[in-house]
Each structure stands twice: as C-alpha cells, then as structure tokens.
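Quick note on numbering: the sequence shown equals residues 1 to 464 in UniProt numbering. From the three backbone atoms N, C-alpha and C, an ideal C-beta is built for every residue, glycine too. This report refers to the structure that appears directly beneath it.
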Amino acid sequence: MTGSTRYFSSSRVFSAAAPSGAPATVEVDKASGRVKRVHERVIKRDELAGAVDEVDWVDAGEQWILPGLVDAHVHLNEPGRTEWEGFETGTAAAASGGVTTVIDMPLNAIPPTTTVENLHIKLNASEGKRHIDVGFWGGVVPDNADDLQPLAKEGVKGFKGFLCESGVDEFPGINEEQVMRAMKELDAAKSLFLFHAELDNTSHSHNDHEDPSAYSTFLACRPPALEESAIDLIIRCARQFPSLRTHIVHLSASSALPALRHARRDLNLPLSVETCFHYLCLSAEQIAKGETLYKCCPPIRDDANREKLWQALLDGDIDFVVSDHSPCTTELKKLEGGDFLGAWGGIGGLGLGLSLLWTEASKRGIATEKVLEWVASRPAKQVGLEGRKGEIKEGADADFVIFDPKESFTINKSELHFKNRASPYEGLTLAGAVKSTYLRGEKVYDRKTGFKGVEADFPGQLLL
C-alpha cells in the first residue's frame, strides 16, 4: 500500500455524490491516476498511520476540491502561428486556472486540422509540450468532405465550420451546399458538427465615414442578425439529418435563443449551445474608444444582452461555457491606432475562466455546482469524456483543482500565463483563486511556485 495511493481531503469536496460540496477524502491510485474511492468524510492521517509506512496526503483544509475543468474551445495555434500561442504556453495557462483538459480548434495553426496528415503534424508538434490533456477538433472547409470520416476514425472530437470568413486564408468558410455534404459524412461517422454561426451579409458593411476606433462602429458591422440568419440555416439543414449532433459555438446574440429553443424543444434536434466567459463578464458599455483587446467575433454586446445569456444558462438553453481563447501578437491588435476594424478578433483569457465565472455567479446567487456543470461535466460529456473527465467519482481521472473561495486577486500580467500577455480582463478584481491543479493525481501547477517543482513538467496526454 505504501506509495501506491494518494489521499486528497477537504471540508468541501465537489464530487458526483455531493455536487454541492461536502466533507470528503478522495483516494487515488497513483499508478493509473484514477479515483479509487470517494470517502464521504474527512479521514484523519492517524487513522491510516498504522496501515501504511508513509501516507501520501494532500490536505486542502477549508479550501475546496473541485473537478478539473474542461475547456472545449481553445486555439493553441501550433504549428504555424506559435508567435500567437503554442502548446507549452497555452496548456500552462490552462493549468493555472484549473483546466485539466482542452480541446484545440482546427484553425489558426498552419496547417489546419482538415486532413489526417495535418492532424498528425499537429500531434507531433505537441510532443513534450503538454502540461495537461489535449484533444482536437477537425475542420470543415469547402474541399475536404472526403477527409471527414478518416479524421473521425483518427479520434477528433467533432468538426467545426465557419458560415463566414474565418479570418485566415487556409480555413475558408462554407456555404449551404457544402454544409449539407459535410452533414452527410458526419452523420455517417456519428460525429458532431460545430458552427461559427455568423452568416455574411454585405448590407452591414462599414461606412467609410464612421470612426474605426469607436466600438460602436465595429458592433454595427456584426449585428445579431448575422447570428440569427446563420442559426436559421443550421436548423434548416439539420432537419435533413435529425440524428446528427450539431453545436453552436460562442453564442453572443440572445435574440437567437427563441430559434434555438424551438429547434431543441419542438423539433427535438440534438443541438447544443455554448457561450463564453467574455460574453458573460464583459459588456459593450465598458469598452472605450480604441480598446481593441475587447474585439472578438461575434462581438461582446450590451449589458441587457449579457443578462439574457445568464438567464439562458440557468434555463438550460445554453449548455456550457468556454474561453474561446484566440490570442495573437499584440501588434495584430492594433493597440496604438485603436482600429477595431483592422485588429485581429479574439480574446486572450485562458486560465481565468473559473474565477471570472465564479465571481459573476456569486453576485447572482448562483450555486457553485451550477458553475461546475457549465465548465466541467457538461463540456466533458459533449466531447465524449463523460465518466472520465469533469467529475470527481470512482473510476474518473484524478483531475482536481484546489480552490480558495475567500481569496481575491486583481488580474495583471503576472496572472496571465499565455504567450502574449494582453487581455481585456486586466484590471478586474476577482473572487476565488486556484491554488493548485492536479492532473491524474499529480500536481501540475501551484499558485505560489508556478510550474517549478511540480511533479511532472509535461504529463499531458493526447485524447484521441
């Protein structure tokens, strides 16, 4: 028994058996990295002292033990754009925020994940650089329908396509005919089809007389109608393949919710929806002239819209929350000129999500167990990792977060562990801090020491 078991105890463990938290000790098999048993009480060290020569113990005391988070929407950009982000820095940032699994998006890396060959290039690029576990989405582009089933067999978690231009030339958008062809292939593969749901409409193009440094100018270029029209197209196509799972990524427009409710409740389509931390924690009213770090697509909308997204989460019309970490070099953000129209659209925020969401949820009286559903168990289920990730229970990976609900901190660059340390969240004061993160029972991050002295530098596995 010596050295084969590690114990994690706390006065409040958020386990599958006690989702709202209760005193517990979690017994972990160190060889497999999985939970052997959840004891529904705090076991004292001396209770085991006679049975083992050396007790391997992590005592969180009054700090909470949460399941490791699953962020199902992250752009790691390697290879090809590693000056934007990479596996090593991106997974480190994730670990610093209690994320133990990320699913990497198929675009912004070069090459994109649109063929089996390209997937293997990306897998090789990740070797020796993963602080946490990494899975992959495949991509749908106009000419790769024949590549979709082979990619599905290789283990990608699903496929993403854009109904508008993506912003990078190597990942073009798709039209309705191409959507239908891809749906046929993905239905046969029993896979999942994700959509960037904005449909290009030139009637909303920029007027040359409008100020490009005004956020209102950018906002007018990406009205809710773009999301609404895209979602109408997706539902229309999905009705032809009623067994195919479809998913709306980063929903920002609350006005699209009635159509989504109709599709799910009345048409019984297996359609899921995510939104992002930035849509729930930021609003258009706070974005000053030229503050291009806030630019993303679809855009951050007004505060009234934000409150409707919160209500949709509570009502179950939105399933979970992701970062959509889509960073770039600071030069591409056009910070000096403050040009919203020319700046890259993407938010840097990987690793901040748990504290961001817990802070906002606490203001609204929302229970921690709901937050954990949105950032752990539900995204784990969507990517086929239910029972292994996103919950603390027997047989699951021992992915844990030690979380101090009483500690607050102000976001500055020292709190940002991703490559380009620039974020619209800088300056916010958050309640609740990640103290340490464990992957399969091994410490991979510590708030005091960072990544120095952890038990394994790069223990992350490929989830295929």
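- Taking C-beta atoms under 8 Å as the contact rule, Asp404 and Tyr438 fail to qualify, at a distance of about 15 Å.
- Here DSSP, grouped into helix, strand and coil, assigns His278 to helix.
- By a beta-carbon distance limit of 8 Å, Lys334 does not contact Leu293. Their separation comes to about 10 Å.
- In the three-state DSSP reduction, Tyr425 falls in the coil class, being neither helix nor strand.
- Excluding residues up to 5 positions away in sequence, Leu107, Pro172, Gly173, His196 lie with their Cβ nearer than 8 Å to the Cβ of Ser166 in the same chain.
- One alpha carbon belongs to Ser213, the other to Ser326, and they sit about 21 Å apart.
- Ser272 has its alpha-carbon roughly 11 Å from the corresponding atom of Leu244.
- Nearest Cα to Phe409 within the set Lys435, Glu127, Ala230: Lys435.
- Taking one beta carbon from each stretch, the stretch 414 to 424 and the stretch 372 to 386 have fewer than 3 pairs nearer than 8 Å; the two do not touch.
- Looking at Ala263, Leu352, Ser252, the one whose alpha-carbon comes closest to that of Pro242 is Ala263.
- When beta bridges are read from the DSSP output, Asp59 appears opposite Ser9.
- Under a 10 Å Cβ-count criterion, Asn124 is classified as exposed, with fewer than 16 other Cβ atoms of the shown protein chains found around its own Cβ.
- In this structure, the CA atom of Arg34 is about 43 Å from the CA atom of Ala284.
- The continuous beta strand (DSSP E) containing Trp64 extends over residues 64 to 67.
- Assignment of Arg245 by DSSP, reduced to helix, strand and coil, places it in the strand class.
- In terms of Cβ geometry, Glu426 and Glu442 do not form a close pair [threshold 9 Å].
- Taking every protein chain shown into account, the CB of Ser32 has fewer than 16 other CB atoms within 10 angstroms, so this residue is exposed.
- By the Cβ-count criterion, Thr101 is buried, with 16 or more other Cβ atoms from all chains shown falling within 10 Å of its own Cβ.
- Beta bridge pairing from DSSP links His196 with Phe162.
- Of the residues Ser323, Lys406, Ala225, Ala343, the one whose Cα lies closest to the Cα of Leu357 is Ser323.
- Membership of His120 in any beta strand (DSSP E) is not indicated; the residue belongs instead to the alpha helix (DSSP H) covering 116 to 126.
- Annotated as proximal: Val26 and Ser15, with beta-carbon spacing under 9 Å.
- For Pro258, the enclosing alpha helix (DSSP H) covers residues 257 to 261.
- Under the 10 Å beta carbon count, His131 is surrounded by 16 or more other beta carbons and is classified as buried.
- For Leu352, the closest of Ile318, Gln149, Gly138, Cys276 by C-alpha to C-alpha distance is Cys276.
- No Cβ-Cβ contact shorter than 9 Å links Pro298 with Arg236.
- For Glu407, the enclosing beta strand (DSSP E) begins and ends at 400 to 410.
- For Lys370, the enclosing alpha helix (DSSP H) stretches over residues 368 to 372.
- Where Asp147 is concerned, there is no enclosing beta strand (DSSP E), although the alpha helix (DSSP H) around it starts and stops at 145 to 154.
- Membership of Glu442 in the beta strand (DSSP E) is indicated by the continuous run 442 to 446.
- By the criterion of a C-beta distance shorter than 6 Å, Lys295 is surrounded in its chain by Phe340, Ala343, Gly345, once the five residues flanking it on both sides are discounted.
- Under DSSP, Glu27 forms a beta bridge with Tyr7, Arg37.
- The residue from Val70, Val58, Ile121, Val134 with its alpha-carbon nearest to that of Gly460 is Val134.
- Ile347 sits in a strand when the DSSP states are folded into three classes.
- Taking all protein chains shown into account, Glu47 has fewer than 16 neighbouring C-beta atoms within 10 Å of its C-beta and is therefore exposed.
- Contact between the stretch 55 to 62 and the stretch 85 to 93 is absent, with fewer than three C-beta pairs closer than 8 Å.
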